[in-house]
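First residue of the sequence shown: 6, per my numbering; consecutive thereafter.
Glycine included, every Cβ here is placed at the ideal spot set by N, Cα and C.
Since we're looking at a predicted model, the values are computed, not measured.
Have a look at the structure below, then the notes.
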Amino acid sequence: MSKLQVSKRGRDVIASPIRKFLPYVQATEKKGIKVIKINVGDPDLVPPQDFFKVIRAYAGKTLPYTPSPGIPAHTAAWQTYFKQFGVDLPMSGIIPAVGCAEAILLAMQAVCDPGEELLVFEPLYASYKSFAVMTGIKLVPVLLPFEKNFALPTAAEIEKKITKKTKAVVVINPDNPTGKLWTEKELNTVVAIAKKHNLFIISDETYREIRFDGKKPTSLLANKAAREYVIVCDSASKRFTMPGARTGVVASFNTDVMHTILKFAQARLSTPTLEQLGLIPVLNNSKPYVTKLVKEYHKRRDVIAEGLAKIPGVVFKPAQGAIYQSLQIPVKESEDFVKFMISEFSYKGKTVMVTPMQDFYITPGRGHSEIRVAYVLDSKILKEAMEILREGLKAYLAK
Ligand SMILES: Cc1ncc(COP(=O)(O)O)c(C=O)c1O
Numbered sequence: 006m007s008k009l010q011v012s013k014r015g016r017d018v019i020a021s022p023i024r025k026f027l028p029y030v031q032a033t034e035k036k037g038i039k040v041i042k043i044n045v046g047d048p049d050l051v052p053p054q055d056f057f058k059v060i061r062a063y064a065g066k067t068l069p070y071t072p073s074p075g076i077p078a079h080t081a082a083w084q085t086y087f088k089q090f091g092v093d094l095p096m097s098g099i100i101p102a103v104g105c106a107e108a109i110l111l112a113m114q115a116v117c118d119p120g121e122e123l124l125v126f127e128p129l130y131a132s133y134k135s136f137a138v139m140t141g142i143k144l145v146p147v148l149l150p151f152e153k154n155f156a157l158p159t160a161a162e163i164e165k166k167i168t169k170k171t172k173a174v175v176v177i178n179p180d181n182p183t184g185k186l187w188t189e190k191e192l193n194t195v196v197a198i199a200k201k202h203n204l205f206i207i208s209d210e211t212y213r214e215i216r217f218d219g220k221k222p223t224s225l226l227a228n229k230a231a232r233e234y235v236i237v238c239d240s241a242s243k244r245f246t247m248p249g250a251r252t253g254v255v256a257s258f259n260t261d262v263m264h265t266i267l268k269f270a271q272a273r274l275s276t277p278t279l280e281q282l283g284l285i286p287v288l289n290n291s292k293p294y295v296t297k298l299v300k301e302y303h304k305r306r307d308v309i310a311e312g313l314a315k316i317p318g319v320v321f322k323p324a325q326g327a328i329y330q331s332l333q334i335p336v337k338e339s340e341d342f343v344k345f346m347i348s349e350f351s352y353k354g355k356t357v358m359v360t361p362m363q364d365f366y367i368t369p370g371r372g373h374s375e376i377r378v379a380y381v382l383d384s385k386i387l388k389e390a391m392e393i394l395r396e397g398l399k400a401y402l403a404k
């Protein structure tokens with residue numbers, strides 16, 4: 006036996022929740038059964054073509070590093086983009102990151118030391134859990150109850166979780182995995198708590214514009230009273246359908262925070278050159294593409310809601326934003342149901358892969374009867390997927 010051993014944090018970090026299902030999916034596909042994958046947020050839409058035009062026209066003979074705070078025209082394009090939401094950031098308030106994922110990691114490390122605490126709301130986008138293990142930061146969860154459509158508890162309830170070690174609170178709005186849209190009142194509650202207890206607010210606004218039923222996009226950075234507290238982590242992945250471009254950003258008015266993040270950014274040198282260039286025209290004229298995108302997701306949200314309403318025993322409220330619908334199903338162990346769907350069940354030669362919710366919770370025992378559906382495919386396929394889900398649940402319950 007080798008004496009070499011990887012770090013404790015390396016051993017503790019969880020593998021991607023999806024990975025454990027892949028062997029089942031592969032075996033099922035080998036049998037000729039089509040697996041409709043609505044488990045991850047990897048959408049099928051075509052990104053803005055201006056992005057590719059710039060990349061195809063690149064005439065450089067070399068591919069140099071770019072400045073750590075970004076190619077100036079790229080950073081300026083984010084600046085222009087943010088102005089639409091009443092956020093007038095200086096250039097030094099914006100640093101590109103390799104997706105929102107890196108933005109989160111930079112923000113967490115900028116405000117917390119190992120052993121310090123980050124207040125989060127569960128269910129929670131699972132990468133935060135891995136980042137916490139990687140950085141030695143402790144996540145302290147506050148439950149957003151499914152039964153109350155993920156409404157924020159009272160300030161007093163939240164404050165019970167604050168200790169001397171708490172440094173920041175995370176808000177994801179619109180939210181993955183719940184599809185929750187935070188109300189003005191809820192945001193104000195978090196801002197008031199942050200100010201009272203001197204906490205930073207890490208505001209993950211990956212899905213900013215993807216809000217339904219006429220709700221207008223906003224940014225917590227537009228809240229002047231909260232300016233010094235807020236660090237926005239943002240991304241082109243979802244609003245421009247380009248997750249593979251790995252283009253995100255950290256943005257804040259807090260000069261200490263941005264100075265710190267710049268030092269981290271210098272250590273990792275820079276973000277990809279071509280993708281920064283490609284994103285410039287897209288950010289400078291984001292509205293036409295995003296308006297169409299939101300309309301499309303709205304339609305899909307409705308298709309999902311219509312399909313789910315026809316499944317006995319399913320409990321849900323239509324998502325208010327992002328690209329996910331979370332729901333309760335009448336089973337004890339949704340992971341077992343997902344496994345059944347992808348390894349034992351098919352309907353007219355097809356089956357559906359969704360995500361069990363338990364991995365989105367930090368507190369053990371929660372989310373075992375919940376699943377998440379990502380509406381990342383065409384409405385016609387989603388409609389079919391909901392029928393397959395209905396038949397699958399019927400078959401599972403009859404076992
Ligand atoms: C809430 C949330 N934050 C961050 C990310 C990471 O996004 P990116 O592709 O920009 O790294 C995702 C991706 O699904 C997400 O849902």
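For K268 and E311, the gap between their C-alpha atoms comes out near 49 angstroms.
L394 sits close to V357, with the two beta carbons spaced by under 8 angstroms. Within the same chain, Cβ atoms closer than 8 angstroms to the Cβ of F365 are found at E127, P128, L129, Y130, A131, P182, G372, R377, the five residues on either side in sequence being excluded. The way I'd put it, the region 130-150 doesn't touch the region 286-299; fewer than three beta-carbon pairs between them come closer than 8 angstroms. Between R216 and G326, the C-beta spacing is below 8 angstroms. Proximity annotation: ligand 1 has residues G46, G104, C105, A106, Y130, I177, N181, D209, T211, S240, S242, P248, G253 in chain order, each selected because its CB is closer than 5 angstroms to a heavy atom of the ligand. Within the same chain, Cβ atoms closer than 6 angstroms to the Cβ of T211 are found at C105, S240, K243, the five residues on either side in sequence being excluded.
Residue state for M139 is assigned as helix, using DSSP reduced to three classes. DSSP places R306 in the helix class (H, G or I) of the three-state scheme. Secondary structure of R16 (DSSP, three-state): helix. DSSP places A78 in the helix class (H, G or I) of the three-state scheme.
Bridge pairing for M346: absent [DSSP]. Beta-bridge partners of Y352 (DSSP): K355. Following the DSSP letters along the chain, one finds G98 in no alpha helix (DSSP H), marked with neither H nor E. Around the Cβ of Y70, a 10 Å sphere holds fewer than 16 other Cβ atoms; the residue is exposed. A Cβ-Cβ distance of about 7 angstroms is found for the pair K185 and L149, placing them in contact under the 8 angstroms criterion.
Here DSSP, grouped into helix, strand and coil, assigns A403 to coil. When C-beta atoms of the region 245-257 are compared with those of the region 274-286, three or more pairs fall below 8 angstroms, so the two segments count as touching. Bridge partners of T171 according to DSSP: E122.
Taking the Cα of F87 as reference, the smallest distance to any Cα among A227, A108, S331 is reached at A227.
The alpha-carbon of F56 is positioned some 44 angstroms away from that of K166.
Residue nearest to P286 within the set L204, I38, K58 is K58 (criterion: CA-CA distance). DSSP places Q330 in the strand class (E or B) of the three-state scheme. Residues V138 of the same chain have their beta carbon placed closer than 6 angstroms to that of D17, with the five preceding and five following residues left out of the count. Beta-bridge partners assigned by DSSP to P128: none are found. Taking 8 angstroms as the upper bound for CB-CB distance, I206 and A231 are in contact here, some 7 angstroms apart. Counting only residues of its own chain and dropping the five nearest sequence neighbours on each side, F245 has a CB closer than 7 angstroms to the CB of P52, P53, V287, Y294.
In the structure shown, L148 adopts extended strand secondary structure according to DSSP, grouped into three states. Taking the Cα positions, K315 is about 46 angstroms away from I100. Burial state of Y63 is exposed, judged by a 10 Å Cβ sphere holding fewer than 16 other Cβ atoms. According to the DSSP assignment, K39 belongs to no alpha helix (DSSP H) but to the beta strand (DSSP E) extending over 39-42.
Shown here, E375 sits in a strand according to DSSP, grouped into three states.
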